[in-house]
Amino acid sequence: MSRIGKLPIAVPSGVDVAIDDSLVTVKGPKGTLSHTIASPITVAKGEDGVLEVTRPDDERNSRSLHGLTRTLINNMVVGVTEGYEKKLEIVGVGYRVLPKGPTQLEFQLGYSHPIIFDAPEGITFTVEGPTKLGVVGIDKQLVGEVAANIRKLRKPEPYKGKGVRYAGEHIRRKVGKAGK
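One point on numbering: in our numbering, the residue at position 110 of the sequence shown is 1143, and numbering is uninterrupted.
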């Protein structure tokens, strides 16, 4: 039995969960998220305001979707109550970020031109300094994807470690040229 899949999902007060066949919609103080559940998995509201994710059989496909579905629904509940944030750091001489509003950033990353980065719907940016920024939103997948796209603008290189990295990310360093 899936250890993650059989855990109940606690729904805090102020969060409204609507189950319509295979569509689960979660409304909370920060917004609304919805997810379509794959066919063999079912979601039901239990007593005490918890959600139960069940599977009909022990087929391989059902087992693999059981824990995934439970985690996705739990991430939606956490997203509409607390939200998600990914922090990024910029390392390098002259590398910096400027806020152009809550949904637009301008990067100077060693190229001959500045890079303007627009946020998709539901994502905002927080800039704590010229080299520190955060990606904030209620959808965990979208926050991670936007943070990865920003990191992709200038990946950290292994010789000096210059580039955009996640906060706390360790970059494996290489030794430079050997002198004579």
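Glycine is no exception: its CB is placed at the ideal position from the N, C-alpha and C atoms.
All of these numbers come straight from a predicted model, not from anything done at the bench.
Strand pairing of residue i, partner residues [DSSP]
| i | result |
| --- | --- |
| residue 1132 | 1138 |
| residue 1056 | 1053, 1069 |
Neighbour-count burial assignment, residue i, 16 or more Cβ in a 10 Å radius
| i | result |
| --- | --- |
| residue 1088 | buried |
| residue 1099 | buried |
N- and C-terminal bounds of the beta strand (DSSP E) containing residue i
| i | result |
| --- | --- |
| residue 1198 | 1196-1199 |
| residue 1148 | 1148-1151 |
| residue 1123 | 1117-1124 |
| residue 1160 | 1156-1162 |
| residue 1085 | 1083-1087 |
CA-to-CA distance, residue j to residue i, given in whole angstroms
| i | j | result |
| --- | --- | --- |
| residue 1130 | residue 1192 | 22 Å |
| residue 1194 | residue 1039 | 43 Å |
| residue 1082 | residue 1104 | 17 Å |
| residue 1064 | residue 1157 | 14 Å |
| residue 1119 | residue 1165 | 11 Å |
| residue 1197 | residue 1054 | 43 Å |
| residue 1084 | residue 1107 | 9 Å |
| residue 1036 | residue 1148 | 45 Å |
Where the alpha helix (DSSP H) containing residue i begins and where it ends
| i | result |
| --- | --- |
| residue 1173 | 1173-1186 |
| residue 1102 | 1093-1114 |
Cβ neighbours of residue i in the same chain (closer than 6 Å, five flanking residues each side left out)
| i | result |
| --- | --- |
| residue 1074 | 1088, 1098, 1102 |
| residue 1052 | 1076 |
Chain-order list of residues whose beta-carbon lies under 7 Å from that of residue i (same chain, five-residue window excluded)
| i | result |
| --- | --- |
| residue 1132 | 1138, 1158, 1160 |
| residue 1069 | 1055, 1056 |
| residue 1110 | 1042, 1044, 1048, 1059 |
Contacting residues, own chain, Cβ-Cβ under 8 Å from residue i (five flanking each side not counted)
| i | result |
| --- | --- |
| residue 1169 | 1116, 1117, 1118, 1156, 1157, 1158, 1159, 1176 |
| residue 1209 | 1192 |
The ligand ZN heavy atom lying under 6 Å from the CB of residue i
| i | result |
| --- | --- |
| residue 1135 | No copy of the ligand ZN occurs in the structure displayed, which carries no ligand at all. |
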